[in-house]
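There are 4 protein chains.
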Amino acid sequence: MKFEPYRRKAYYYETDRMDIVHHSNYVRWLEEARIDLMEKLGCPFTETEKMGIVSPVLSVETHYKYPVRFGDEFEVRCTLSKFNGCAFELDYEIYNITSDKLSCTAHSSHCFTTSDLKPIRLKKHFPDIYEKFFDAVEDDGN
Amino acid sequence: MKFEPYRRKAYYYETDRMDIVHHSNYVRWLEEARIDLMEKLGCPFTETEKMGIVSPVLSVETHYKYPVRFGDEFEVRCTLSKFNGCAFELDYEIYNITSDKLSCTAHSSHCFTTSDLKPIRLKKHFPDIYEKFFDAVEDDGN
Amino acid sequence: MKFEPYRRKAYYYETDRMDIVHHSNYVRWLEEARIDLMEKLGCPFTETEKMGIVSPVLSVETHYKYPVRFGDEFEVRCTLSKFNGCAFELDYEIYNITSDKLSCTAHSSHCFTTSDLKPIRLKKHFPDIYEKFFDAVEDDGN
Amino acid sequence: MKFEPYRRKAYYYETDRMDIVHHSNYVRWLEEARIDLMEKLGCPFTETEKMGIVSPVLSVETHYKYPVRFGDEFEVRCTLSKFNGCAFELDYEIYNITSDKLSCTAHSSHCFTTSDLKPIRLKKHFPDIYEKFFDAVEDDGN
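Chains as they are written, first to last, in our numbering: chain E, 1 to 142; chain G, 1 to 142; chain H, 1 to 142; chain S, 1 to 142.
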């Protein structure tokens, strides 16, 4: 399922002395886009959190292609690439709209846990959330 | 009472596109120095927190003189300038050791509260902590 | 002159272990709002920078009232309170729209310089910019 | 070649509302450790930069195991795992000394370029730097 990309401009304080956005900030942009995706998917973070579900980051991988500079507008195109009821994975493209270049590709993996980090099987305990993720995934994990 | 200043070098990711440390990071350095002072004072943050005492930031004021650059060593000279048992104030100088220049002067104010932000009178409830702050203050608030 | 406030939501990574936005991030929000104001004022940062004008931060003062939490929408109401052709000052209110509370009041001061930090008199060298700031100021500095 | 790990404590402002260090900050710690390694290797960042050599980040990969919390002491064990004269790769372990647990494993890749991002062959143009990297690598890339 395709969702509208997440968009904003790069802030001044996100740059470093090379006059480009510091590479660590891209990891923060992935999080912004992920939380935006959850909302578009019908599972806003703050609501699933109230239900006792969290989804800690297990891994992140970023590949840097072209810089983003102060004031550049970028979009993060985020896809739910895997989901098996216990865990999920996302693919990202950070696209620099101002320079018309692909700036970064990325990947992250997450699991579903209770707030004290015990694994959760969504299908059994939260079938509604399961359904929404299942419908959104590009690849059902088989 | 004088304490050893807090020292470290400026990190790469703390710089911005002007090739200087971004001014917001100085506010973080003040916090590093404040937590270091609490420890030197005999009231480590994590211990007072376990006793149920927190000290939220009420205000911060920073005056920027000369930049700090990547790799520069700096020290934060931190003084407890006021303390009245319910609240305290700190004065700071951020000194750039590498360039031998005063980089920033600053001031912050704080109160003592429970973790749900109710005011605490240290003298009554935590006389030991009261004593340590009282001994350390340069000006007793009168 | 009144400008539309700057608005966005607080990001997850801007929070700290107290479950509130870390106070240092407010200083970054002031910068976001300031750059937004420059654009609304007709003097976009990147354009004045190309003309050789920068406006370093001389001081910042923040007073914290009520917290902003993850996902809260806030606005920064920014006013040009002083301007004399060489320097300017801004007043800010950070208003938490979600909790309907004033979260922070702030003040910053800046000067106009060349990129190698020599003072600039706008009236003489950049009368167009001077005009725009002059029209926007609430108090003309007298 | 083994180098002393890079050590420090986690700062308060590095935590998030889960009461753990935000995962994006690990990427910054890798940079701190990398710059420290360059110095131990005899190629301090600021010196190679003066020679016109920079080493942009091409990719970063992080795997999160156990959290680091405010005040925890951690070390970053950094190894030069590949080097071919044009590019290099590093492996990292972030070890939480306070909790005695491996917190994160990571990997980054970099190339050598001029400051305007043209590729550099170290062996030809900077044989001294080449030598130092060659001696330090655990695997010479063949």
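All residues carry an ideal CB built from backbone N, CA and C; glycine is no exception.
For residue 58 of chain E, the C-beta contacts it makes with chain S under 8 Å involve 63, 64, in order along the chain. Within chain G, not a single residue places a beta-carbon under 9 Å from that of residue 48 of chain S; the smallest gap is close to 12 Å. The alpha-carbon of residue 112 of chain E is positioned some 45 Å away from that of residue 79 of chain H.
Around the CB of residue 114 of chain G, fewer than 16 other CB atoms lie within 10 Å, so the residue is classed as exposed. A distance below 8 Å between beta-carbons, with the five flanking residues on each side excluded, links residue 39 of chain G to the following residues of its chain, in chain order: 45.
As for any alpha helix (DSSP H) of minimum length 4 sitting wholly inside the stretch 1 to 48 of chain G, the runs are 23 to 40, ordered along the chain. Taking all protein chains in view, the Cβ of residue 67 of chain S is crowded by 16 or more other Cβ atoms within 10 Å, so the residue is classified as buried. Residue-level contact check: residue 17 of chain S touches chain H, since one or more beta carbons of chain H fall below 8 Å from its beta carbon. Judged by DSSP in its simplified three-state form, residue 75 of chain H adopts strand. One alpha carbon belongs to residue 59 of chain E, the other to residue 27 of chain S, and they sit about 12 Å apart. With its beta carbon less than 8 Å from one in chain S, residue 24 of chain H belongs to the interface. By the criterion of a C-beta distance shorter than 8 Å, residue 23 of chain G is surrounded in its chain by 62, 64, once the five residues flanking it on both sides are discounted. At a cut-off of 8 Å, the C-beta of residue 77 of chain G has no neighbouring C-beta in chain H.
In this structure, DSSP gives residue 129 of chain E a helical state, which the three-state scheme calls helix. At a Cβ-Cβ threshold of 8 Å, residue 85 of chain E and residue 34 of chain E do not count as neighbours. Contact note: residue 32 of chain H reaches chain E through 11, using a C-beta cutoff of 7 Å and chain order. Around the beta carbon of residue 15 of chain S, 16 or more other beta carbons lie within 10 angstroms, which makes this residue buried. With contacts defined by Cβ atoms closer than 8 Å, residue 103 of chain E and residue 70 of chain E do not form a contacting pair.
Identification of residues in the stretch 68 to 98 of chain H having a C-beta nearer than 9 Å to some C-beta of chain S yields 69, 70, given in sequence order. DSSP places residue 96 of chain H in the uninterrupted beta strand (DSSP E) bounded by 87 to 96. The beta-carbon separation of residue 1 of chain H and residue 106 of chain H, rounded to 19 Å, does not stay under the 8 Å limit for a contact. Setting aside the 5 residues that flank it on each side, residue 77 of chain G is surrounded in the same chain by 5, 93, each with a C-beta closer than 6 Å to its C-beta; the list follows chain order.
Exclusion of the five residues before and after residue 56 of chain G leaves 110, 111, 113, 117 as the residues of its chain whose Cβ lies within less than 8 Å of its Cβ. By the criterion of a C-beta distance shorter than 7 Å, residue 37 of chain H is surrounded in its chain by 3, 78, once the five residues flanking it on both sides are discounted.
Rounded to the nearest angstrom, the Cβ distance from residue 126 of chain G to residue 83 of chain G is 13 Å, too far for a contact under 8 Å.
Proximity of residue 121 of chain H to chain E, defined by a Cβ-Cβ separation below 8 Å, is not satisfied. Non-local C-beta neighbours of residue 130 of chain E in its own chain, meaning closer than 7 Å and more than five positions away in sequence, comprise 85, 122, 123, ordered along the chain. The straight-line gap separating the alpha-carbon atoms of residue 31 of chain E and residue 12 of chain H is approximately 8 Å. Chain G places no beta carbon closer than 8 Å to that of residue 21 of chain H, leaving this residue out of the contacts. At a cut-off of 8 Å between beta-carbon atoms, residue 8 of chain E makes no contact with chain S.
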